[in-house]
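Asker:
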Amino acid sequence: MQASQFIQIIKNEFESGVKDHMQEWSIAYQLINLREVHSPQLTTDQTLIIEALVFITSHRIQHGKLTLRYVENFPSLKFDKEQIKSVETFVKELDNVWLTAKFYDVLWSNMSEKKADYIMNCVSAYIRFPLVEILHTIEYWERGLFLAGTAKLKQQQSLIVGTLIQEALNNNNSFVIVRMLNQHKLLGMYAIELVDVLKSQIKNEIQKRGHWIAVEYWNLILDMGNKYNSLKSKKSSYIQSKAHALCSLAEHNKKINNIHVASDNYREAVIGLKSLSNDYKISHNIDEEIQKIERNLVDLRLQIEEQFKKIAQPIKVDISKEVEIAEDLIQGENLEELLQIPDLEYRHFYKVQRRVHKKEGVSFLNHLIGGSSYSDNDGRVLGTFDSTSEEVKKIECYRMLIEHSGKQAASYILPALRKFKKIKSLDEEEFYKLARSCSMVPDDQKRLMGKALWHGYREDFSTSIMLLCPLVESILRNILKESDIPTVDIDRVSESEKSMNKLLDIAKEKKILNQEVIFKIEAIFVSNFGLNFRNKVAHGLVSDNSASSLYATYVWWLCLKWVIIYSPGG
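By UniProt numbering, the letter at position 298 of the sequence shown is numbered 298, and the numbering carries on one by one without gaps.
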């Protein structure tokens, strides 16, 4: 093939333009196809040049690393040092900015050809990348900046920074440019001017792209405020402006019924405003803003609760076999018969959880999002964790226990209890005797424990749960005291009882209680991700439904079981 024709064919492949990093993947394949199509007409040298170009274009930029990453899609292709001169001549004749930059980058970064001309030609080519499509070419400008810094080419580095800053000050692609330069702390004396430019663009950007872009702009401005002393005095106003942008985004999400995302927007706004200094809060009426946002959050939580109710559908389950088994266990002789009801422990839930994860792995959605988020029934966010974390594994076990406890109460506990009551009638005194015989119940609370168990026996689980929650905490405290372990926190001003969570941590550390008991106390009484009965009772958050639920039935039965087991002969 004639040299002029060969150059034109190759030129056509590159003149289509490489707009962004992703399109690099197609260039090497296009060159391979070109070689196959024109193979009969190509000279040996021309074939070698195409193969060299495929090798060069198969290298990818790695952020923060000097060497380019070679994608071995064509492992048989090689680029020998002996070919450098002929390929360099061809690249110069072709005069394509992207190919020139990549050619000299590969030579200097990957092939140990550290000639001064190579790095100068490489950086000079990166500086020639078009500014009109900076969104697509910013990665190459950043690469040129990185190489200029690595090779200590201060003049070229200053030229790149100056060119980009001037482009940003002219209102051209300011966000993209400032974001990149800010990552490298290269905005210097222009930081204030550039913030003004960014602020002036927000309104138009919202009209073009939506309210989310305003939040991104303020995130960038806030990051600049953290990095440059000239902006630190304005950081509080940036936080407030970001909160306003988040509220606008929340309002937009509410309109399109994206309620959960709107809640997240409001929450982020509140967290930002609460971080402001007291002086700024007073002078700018921030507390009023926070209260207004919190009222909006309350309204959204009600909407989320309504959504939960609409989504939740009752499922009919045949439990006749379980009921029959439960009734067969009961002879009506003594309460210990109720302990024959089968139950599951932590080890069972943990095995199921491991088996499911091993079988299913991490779902695509979890991999995409990267986390698992949990909410309470009223829409309050409880927490977000990495999908593979230990926290998520434990929470999944809590959720399995919750599901199990409801089924257990409906299938076994209530049928067994009702049959027992038909055969034998017990009065409150019987339960007081039972509590009195249990060594782990404090002496001055045995009557209360008897009442709690008695009310549950009468299926008044609302009253029972209100008494049992503080009693379980007291019993835990009593067990530690009996083991000569202090349960009081001491500071300079006062002494106070340790929280239930702290007591459980001590019991776990000192091995006072086994893992199975600790797990159930955590899941039922204190974990936000479980039933959380103790805290909900303490803060008045127990509803009529939850207090008389199947879960409350299970709690009563579990406490009855513990009292009987830890009584003489239990």
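The C-beta atom is built at its ideal place from N, Cα and C for all residues, glycine as well.
Since this is a predicted model, take the numbers as computed values, not measurements.
Secondary structure at I490, three-state DSSP: helix, strand or coil?
Answerer: strand
Asker: Whole angstroms are fine: how far does the CA of V270 sit from the CA of N253?
Answerer: 17 angstroms
Asker: Rounded to whole angstroms, what's the CA-CA distance from C247 to S387? Just pull it up for me.
Answerer: 29 angstroms
Asker: Residue range of the alpha helix (DSSP H) that T57 falls in?
Answerer: T44 to T57
Asker: Just list the beta strand (DSSP E) runs in the region 125-159, keeping only unbroken ones of 3 residues or longer that don't cross its boundaries, in chain order.
Answerer: Listed in chain order, nothing qualifies, since the region 125-159 has no complete beta strand (DSSP E) run of 3 or more residues.
Asker: Rounding to the nearest angstrom, what Cα-Cα distance links L368 and N478 in this structure?
Answerer: Legend: pLDDT at L368 = 44, less than 50; position of this residue unreliable, value from coordinates given subsequently. Cα-Cα distance, rounded: 47 angstroms.
Asker: Specify the secondary structure class of Y566 as computed by DSSP and reduced to three states.
Answerer: coil
Asker: Use the C-beta contact count for E473: other C-beta atoms within 10 angstroms, 16 or more gives buried, fewer gives exposed.
Answerer: buried
Asker: Considering only DSSP beta bridges, list what R69 is partnered with.
Answerer: R60
Asker: What span of residues does the alpha helix (DSSP H) with V195 cover, start to end?
Answerer: A191 to R209
Asker: Starting from the Cα of E327, find the closest Cα among I290, P415 and L401 and give me that residue.
Answerer: P415
Asker: For S496, which of helix, strand or coil comes out of DSSP?
Answerer: strand
Asker: With distance defined between alpha-carbon atoms, name the residue in M1, L550, Y432 and I119 nearest to residue 574.
Answerer: Nothing can be reported for residue 574, as the shown portion of the chain is limited to 1 through 570.
Asker: What ranges does the alpha helix (DSSP H) occupy inside the UniProt domain "DUF4209" (472-560), keeping only unbroken runs of at least 4 residues that lie completely in it?
Answerer: 500-509, 515-521, 533-538 and 544-547
Asker: With a threshold of 8 angstroms on Cβ separation, who are the neighbours of M466 within its own chain once the five nearest residues in sequence on each side are excluded?
Answerer: V537, V542 and A547
Asker: Could you spell out where the beta strand (DSSP E) holding V381 opens and where it closes?
Answerer: V381 to F385
Asker: Sort K115, I518, V161 and K281 by Cα distance to Y126 and report the nearest one.
Answerer: V161
Asker: Which partner residues does S373 have in the DSSP bridge list?
Answerer: Beta-bridge annotation (DSSP): S373 is paired with T384.
Asker: Could you give the first and the last residue of the continuous alpha helix (DSSP H) run that contains R436?
Answerer: Per DSSP, R436 is one residue of the alpha helix (DSSP H) stretching across E428 to R436.
Asker: On the DSSP letters alone, give me the boundaries of the alpha helix (DSSP H) that Q240 sits inside.
Answerer: Taken as a continuous stretch (DSSP letters only), the alpha helix (DSSP H) holding Q240 covers K235 to K255.
Asker: For residue 572 and N285, what's the separation of their Cα atoms in angstroms?
Answerer: Here the chain covers residues 1 to 570 and nothing more, so residue 572 does not appear.
Asker: May I ask you to report which of helix, strand or coil DSSP gives E333?
Answerer: E333 falls in the coil class under three-state DSSP.
Asker: For R458, name the three-state secondary structure that DSSP assigns.
Answerer: coil
Asker: Check K114 in the structure and name its three-state DSSP category.
Answerer: coil
Asker: Excluding the 5 residues flanking E428 on each side, which residues of the same chain have their C-beta closer than 6 angstroms to its C-beta?
Answerer: W454
Asker: Have a look at D544 and G456 and give me their C-alpha separation to the nearest angstrom.
Answerer: 15 angstroms
Asker: Judging by CA-CA distance, which residue of L476, L66 and E497 is the nearest neighbour of K520?
Answerer: Looking at the Cα atoms, L476 is the closest of the given residues.
Asker: Drop a sphere of 10 angstroms on the beta-carbon of M189, count the other beta-carbons inside from all chains shown, and report buried for 16 or more, exposed for fewer.
Answerer: exposed
Asker: Let me make sure I understand the geometry here. Which of N257, K310 and I177 has the alpha-carbon closest to that of I138?
Answerer: I177
Asker: Can you tell me whether residue 581 is helix, strand or coil according to DSSP?
Answerer: This structure does not reach residue 581, given that the chain is present from 1 up to 570, and the question cannot be answered.
Asker: Note down, one range per segment and in chain order, each beta strand (DSSP E) of at least 3 residues found wholly within the region 261-340.
Answerer: none
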